[in-house]
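The structure under discussion appears below in the form of structure tokens.
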Amino acid sequence: MKLTQKDKTFLDTLARLIEEKQLRIDVRNDGISRFILRQNYGDKIEQAFGMTRQGVRWRFQRLFNHIYVEAYERILWMESSFGRELREHAVAIAQERAAIRRRILEQERRCIPLHRGKSKHDEH
7 MKLTQKDKTF LDTLARLIEE KQLRIDVRND GISRFILRQN YGDKIEQAFG MTRQGVRWRF
67 QRLFNHIYVE AYERILWMES SFGRELREHA VAIAQERAAI RRRILEQERR CIPLHRGKSK
127 HDEH
């Protein structure tokens with residue numbers, strides 16, 4: 007499952023709020039372990055994320071307990087079949103791909119349209 011721009015914005019906001027000690031992430035185990043978001047109450051949280059508290063909880067659950075944990079489940083499954091010998095290579099490939107994505111995003115940010123006026127199709 008791919009992360010969206012909304013996910014990135016959410017994670018950036020979450021990281022900032024955790025650094026500011028306004029939120030924290032804990033692990034709860036009541037038969038099965040999972041990540042939980044603590045201190046996620048009040049209007050300030052809704053304003054910071056631009057969504058309801060329920061929306062914050064839903065996106066947190068999706069990102070941390072589904073996407074993040076499932077990624078490790080897949081890694082463990084692959085390594086149970088092929089061992090850990092390929093892990094170093096897989097991490098290097100992932101880092102390379104992430105660097106390429108960052109470079110592309112930087113180039114897109116620097117790209118300014120040459121013509122901002124109306125197109126010939128707008129004149130009709």
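Under the working numbering, think of the first position of the sequence shown as 7, with each following residue one higher.
Think of the CB as a built atom: it goes at the ideal place given N, C-alpha and C, for glycine as much as any other residue.
Where residue i sits in the DSSP three-state scheme
| i | result |
| --- | --- |
| I99 | helix |
| E36 | In the sequence as displayed, the identity of residue 36 is Asp instead of Glu. Three-state result, D36: coil. |
| L43 | strand |
| R30 | strand |
| E52 | helix |
| E94 | helix |
| L17 | helix |
| G89 | coil |
Residue i classed as buried or exposed, judged by whether at least 16 other C-beta atoms fall within 10 angstroms
| i | result |
| --- | --- |
| F88 | exposed |
| R65 | buried |
| L20 | buried |
| I106 | exposed |
CB contact flag (residue i, residue j, <9 Å)
| i | j | result |
| --- | --- | --- |
| F41 | Y74 | yes |
| V62 | E52 | yes |
Residue-chain proximity (residue i, chain C), Cβ-Cβ < 9 Å
| i | result |
| --- | --- |
| N35 | Reference to chain C is not applicable here, since this structure consists of a single protein chain. |
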